[in-house]
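Trainee: Residue numbers (the numbering used here), protein chains in the order written: chain A, 18 to 424; chain B, 138 to 676.
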Amino acid sequence: MAIPSPFHEKTSALCTSLKWKEWAGYYAVERYQFNHDQEYFAFRESAGLLDVSPLFKYEIRGKDALKLMNRVLCRDVGRMKDNQVAYSCWTDERGKVLDDGTVARFSPERFRLFSAHPSYYWLLQNAQRLDVEVQDITVQTGALALQGPRSRAILSQLADVDKLRYFHQIQTKVDGFYVVISRTGYTGDLGYELWVEAEHANKLYDAVWAAGKDYNILPAGILALDMVRVEAGFIMVDVDFRSCTYCVTDDQMSTPYEIGLGWTVHMDKGPFIGKAALEKEKRQGSAWSLVGLDISLEELEKLFDARALPLDLPCATWRGVVPLFDSLTNRQVGYATSGVWSPLLKRYIALATVQSRYAKLGTVMKMEALIDTDRRHVSARVVQKPFLDPARKKSVGSDVALVPALV
Amino acid sequence: MDIDTLILGSDPNALACAASLANQGQKVVILESRDHAGGVYAREGGLPWRTPLRPRMRRELGLLDEPPLDPVAFCPLSDKTHFTLWQDVEKTRQELARLSQSDAQRYAGFKSFMDRMIAFAEPLLDQTPVGPDAAHWASLVDAANIGLRFKSLSHSDALGLMRLGPMAVQDFLEESFEHPAILGAMALPAFEGRFAGPRSPGTAATLLYHQLAGPRVALGGVVEDLVAAGTRRGVELRFGQQVESILVEVGRCTGVRLQDGTVVRATRVVSALDPKRTFLELIPPLELGPELVRNVTNLKMRGATALVRLKLSRTPRFACLGEQDPAPYLRGRIHFGPDIEAMERAYDDVKYGKLSERPVLEGRFSEPTQLDLRVKFVPFGCSEDVRERVLSTLEAYLPDLRECLQEALVKTPSDLEAEYGLSGGHLHQGEHNLHQLHFCRPLPGYADYSSPVERLFLCGSACHPGGVGTGAAGANAAREILSTNLERAKSAVSTPVGAGLAVGTGVALAGVGALVASLVKKPKKGKEAKDNGHSKPVS
């Protein structure tokens, strides 16, 4: 039985579609309106407001907080400055990914870790004999994501965010209560996440909502988020890869290198969990790679034509396993895990796991496509990720053009 | 000279390991925190007896055989009668007959069954355990040899052995005996190193396990003998060395740092300390994986035995013996009750954190005026008066005890931890539970005396085969540390299965050789014929 998030009073009043789903034990809005298109466009053209409270949140405090974070995370948090945020994954001793998430450094003795899966026990297990306290602050903390080109203009009415740089945070007060605002998000766009004590959650929602009124702010749900995150090339646990905790066989597990997170692994930082295994993999190369695919619309259209059907494209992200084949031998060489028609890019894009030798940019494979009742193959080309990368994502100051910049 | 092996601790396992390694020409240094060797096995430790050193080691180190304690158990009863279990079966039968004719008649059969089981299982003590994780082919040969020996047991013995494992010792013994006092005396060894009572599953296996090393012997001067054997071979003992941490560099052990800041480097370090001390206190926390830390944390090491030494002005009078001379009875172990029912109740108390209302007392007069006792069950952190509980229990058997008592030294599990660094106050560095024996001792995956840190080994009784002073773990560890692939192969081939495999392989190779030879020969013949054809004119 799911529970309401700290913003439930606000989100339930706005959710006219009554389309709810369960996310990590919370009620989460799938889409607020009859259709999720407008919410998608809010993310890309004005500002979408998303309740991300279901994320697991941990506060790590103590003299050895830095030690614990560096022991658990693949990334070197010693290099981070205070009030910097970083994306990382963490693995078990075999180097298999447990989860990914962001870590915020408040000071060398205070961190917050945000994850998709529960990680409390893992942190605790690794905190043994360290002078550190791990607190699960999931329930007592509300989280809002305000994402989109207008998000800065909206938030600057509440806090001084003009100079807040990408993957940094400020600790501030809004209407007298403590709020942490980080320049982070899951949309690959200009955007912020706001972290607030649950008791002030609704007040914060009201403040953001009021500030956004003149900027076409819209509440957005998971469906819209799932589209923009694929455009941004962001992988999702349980969709594009699996946490090894929940895997039954070794084949189902992934290493950071296999899911494109090799860049978050800092080998030069001293011991961390999984290091030995990852060093070995780095030397020997990875069996699998995660790539972005561009699926041929022409071929797809022809296949639909042949069945006298209009072209049918996924207007919401599909999640699943769609086989990929070598275009000559027809042997399976991988599988796509999420795909969507990008209304902005006008391309059918997907994220896929393929054997590493098929990961080179420009490689063309065949992807299975269901044409009405027939399983057919269409060409899918390996392309650069992210599919969409607007300059405003990392820009500082309020002078950046708000028009979506297409790649 | 550079140190090859640094050994932490100086109990019999540490000393055995040191002597064995030094025998192979290694430069060995032992670091002991106290000012004398032996730990709890030193004469002042208070252990009333121990298991004998392994014969293999006595031979290797040129030590004398140790006579077993006889009686096995002298059992004064609270109704002022008594009975005795002797090493001699017939003598014991006569004793038991005074309590139960049926028990007396079944004793020889029971003893013979146990002896057969011991004969089967005893060689395991000197072997490095083979578990499902064994990777070396020689280990598989070892496993096959165990299988072969198991196969040679009679049908009923094989079945008996397999049933015995999970049984509670009370259920097991009640299949042969009926008298509660006899059951109690027989069951006693099953609780050595266990946090369990007679009705706890798996205690029948511990009963057998504790008999594998042979009958108990006096504590004697085992430490002195081993120290002498070691020093003769060049082992250096350094006393008063407080180890602060084990040094690990890039996953490899390089030595230790002492509390005074001194760094002692060595090619390898062997810890005779228990795994909790070694892994959770001495190794820096970031060097071990969470899985291992969890496994070590989960190790059951609940000490529940206190050592009590009573210093007396004279040998006290035994109520059950009247005017009879007690001397012949006092040469071995003395079991001051209770019967099996009361033992379970004694365990019930400790299960809930209390000192047993009526503790299980077994002891030995190390000297005519010194009674050393093992007291069960005393919980870790016990705040009750152990001394008074022991004295009031003993008074029923030794009415004038208080008159001749001069001093009572009590070491509860908490004292044992504080004084000897035994985590949980556990004398065996880990309970002898089924899931902590053989290939699971000290931890699954590390039964070969290795550790997750390269060049760090364990050799204490935390390792297979555990026990009390057999030195087997130390000797086995020394063998594992030095063994090369060639030696492993040699020793594997000397076993029945290995020899069979070698002969089989030899025959197969010879066969293949013959085949190849015949194939090579044939074309040669053809060539000769061809040559002949050329050289000889065709007629």
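Just so it is clear, CB atoms sit at the ideal spot from N, CA and C, and this is done for glycine as well.
Using a 10 Å radius around the Cβ and a threshold of 16 neighbouring Cβ atoms, would you call Ala456(B) buried or exposed?
Mentor: By the neighbour-count rule (16 or more Cβ atoms within 10 Å), Ala456(B) is buried.
Trainee: Do three or more CB pairs link the stretch 291 to 308 of chain B to the stretch 332 to 348 of chain B at distances below 8 Å?
Mentor: The stretch 291 to 308 of chain B, when compared against the stretch 332 to 348 of chain B, does touch it at the 8 Å Cβ threshold.
Trainee: Could you check the C-alpha separation between Leu531(B) and Phe473(B) for me, to the nearest Å?
Mentor: If you take the alpha carbons of Leu531(B) and Phe473(B), they lie about 7 Å apart.
Trainee: What do you get for Lys292(A), buried or exposed, if any count of 16 or more other CB atoms within 10 angstroms of its CB means buried?
Mentor: Per the 10 Å Cβ criterion, buried.
Trainee: So what does DSSP say about Trp212(A), is it helix, strand or coil?
Mentor: Of the three classes helix, strand and coil, the one that applies to Trp212(A) here is strand, per DSSP.
Trainee: Starting from Val89(A) and walking both ways along the alpha helix (DSSP H), at which residues does that stretch end?
Mentor: It spans 82 to 89 - the alpha helix (DSSP H) in which Val89(A) sits, taken as one unbroken run.
Trainee: Which class does Lys38(A) belong to by DSSP, given the choice of helix, strand or coil?
Mentor: DSSP places Lys38(A) in strand when its eight states are reduced to three.
Trainee: Since Ile252(A) sits in a beta bridge, which residues does DSSP pair it with?
Mentor: Bridge partners of Ile252(A): none, in fact.
Trainee: If you draw a straight line from the alpha carbon of Gly175(B) to that of Asn143(A), how long is it in whole angstroms?
Mentor: Near 35 Å, if we compare the C-alpha coordinates of Asn143(A) and Gly175(B).
Trainee: Here's the rule I'm using: 16 or more other beta-carbon atoms within 10 Å means buried, otherwise exposed. How should Pro327(A) be labelled?
Mentor: Result: exposed.
Trainee: Which residue marks the beginning of the alpha helix (DSSP H) containing His347(B), and which one marks its end?
Mentor: Element bounds for His347(B): 340 to 349.
Trainee: For Arg235(B), I'd like the list of residues in its chain whose CB is within less than 7 Å of its CB, leaving aside the five on either flank, ordered along the chain.
Mentor: Only Phe220 meet the Cβ criterion.
Trainee: For Gly561(B), go through chain A and note every residue whose CB falls closer than 7 Å to its CB, in chain order.
Mentor: What Gly561(B) touches in chain A: nothing, since even the nearest Cβ is about 17 Å away.
Trainee: Could you please give me the residues that DSSP links to Arg196(B) through a beta bridge?
Mentor: Answer by DSSP bridge pairing: none, since Arg196(B) is not bridged.
Trainee: Between the alpha carbons of Asp317(B) and Glu481(B), how many angstroms are there, rounded?
Mentor: The amino acid occupying residue 317(B) in the given sequence is Pro; Asp does not appear at that position. When rounded, the distance between both Cα atoms is 12 Å.
Trainee: Quick check: is the beta carbon of Gly663(B) nearer than 8 Å to any beta carbon in chain A?
Mentor: Bear in mind that the predicted position of Gly663(B) carries a pLDDT of just 46, short of 50, making it unreliable; the figure below should be weighed with that in mind. Cβ-Cβ to chain A under 8 Å: no for Gly663(B).
Trainee: Under a Cβ-count criterion, where at least 16 other Cβ atoms within 10 Å of its own Cβ denotes burial, should Asp192(A) be classed as buried or exposed?
Mentor: When all chains shown are included, Asp192(A) counts as exposed.
Trainee: Please confirm whether Leu295(A) has its beta-carbon closer than 8 Å to some beta-carbon of chain B.
Mentor: No, because no Cβ of chain B sits closer than 8 Å to the Cβ of Leu295(A).
Trainee: Counting pairs of Cβ atoms below 8 Å between the stretch 59 to 73 of chain A and the stretch 156 to 168 of chain A, do you hit three or more?
Mentor: Enough Cβ pairs lie closer than 8 Å, so yes.
Trainee: At what residue ranges does the stretch 281 to 328 of chain A contain a whole run of the beta strand (DSSP E), taking only runs of 3 or more?
Mentor: Qualifying beta strand (DSSP E) stretches, in chain order: 305 to 312.
Trainee: DSSP three-state label for Pro403(A), please.
Mentor: The answer is coil: DSSP assigns Pro403(A) none of H, G, I, E or B.
Trainee: Taking only the alpha-carbon atoms, compute the straight-line gap between Lys664(B) and Gly648(B) and give it to the nearest angstrom.
Mentor: Here the model assigns Lys664(B) a pLDDT of 45, short of 50, so the residue's position is not dependable, and the following value carries that caveat. Using only the alpha carbons, I get a separation of about 25 Å.
Trainee: Can you grab the Cα-Cα spacing for the pair Lys667(B) / Glu624(B), in whole Å?
Mentor: Reliability fails at Lys667(B), whose pLDDT of 44 lies under 50, so the model's placement of it is uncertain and no value is given.
Trainee: Hey, how far is the Cα of Lys627(B) from the Cα of Gly440(B)?
Mentor: Looking at the two C-alpha atoms, the distance is approximately 41 Å.
Trainee: In whole angstroms, what is the alpha-carbon distance linking Leu423(A) and Pro340(A)?
Mentor: Low local confidence applies: a pLDDT of 43 at Leu423(A) is under 50, so the model's placement there is unreliable, and no value is given.
Trainee: What is the residue span of the beta strand (DSSP E) that Glu373(B) lies within?
Mentor: Taken as a continuous stretch (DSSP letters only), the beta strand (DSSP E) holding Glu373(B) covers 373 to 375.
Trainee: What's the call for Asp81(A), buried or exposed, on a 16-neighbour Cβ count within 10 Å?
Mentor: Its Cβ being crowded by 16 or more others within 10 Å, Asp81(A) is buried.
Trainee: Residues of chain A with CB under 9 Å from Val430(B), in chain order?
Mentor: Gln142, Asn143, Gln145, Arg146, listed in chain order.
Trainee: Counting only C-beta atoms, is Tyr84(A) closer than 8 Å to chain B at any point?
Mentor: Before going further, note that residue 84(A) is Lys rather than Tyr in the sequence given. At least one chain B Cβ lies under 8 Å of Lys84(A).
Trainee: Looking at the structure shown, is Lys74(A) part of a helix, part of a strand, or coil, going by DSSP?
Mentor: Three-state result, Lys74(A): strand.
Trainee: Should Phe328(B) go down as buried or exposed, given a rule of 16 or more other Cβ atoms within 10 Å for buried?
Mentor: The residue in question, Phe328(B), is buried, as its Cβ has 16 or more Cβ neighbours within 10 Å.
Trainee: Look up Phe287(B) in the DSSP assignment and say whether it is helix, strand or coil.
Mentor: Phe287(B) falls in the helix class under three-state DSSP.
Trainee: Using a Cβ-Cβ distance under 8 Å, would Ala153(B) count as near chain A?
Mentor: No - not a single Cβ of chain A is within 8 Å of the one on Ala153(B).
Trainee: Quick one: any contact between the stretch 199 to 207 of chain A and the stretch 236 to 249 of chain A, if contact means 3 or more CB pairs under 8 Å?
Mentor: Counting Cβ pairs under 8 Å, three or more are found: they touch.
Trainee: Which one of Pro407(A), Thr201(A), Asp322(A) has the shortest CA to CA distance from Ile388(A)?
Mentor: Closest option to Ile388(A), Cα to Cα, is Asp322(A).
Trainee: Can you list the beta strand (DSSP E) stretches of 3 or more residues lying completely in the stretch 338 to 405 of chain A, in chain order?
Mentor: Counting only runs of 3 or more, we get 349 to 359, 364 to 372, 381 to 388, 391 to 400.
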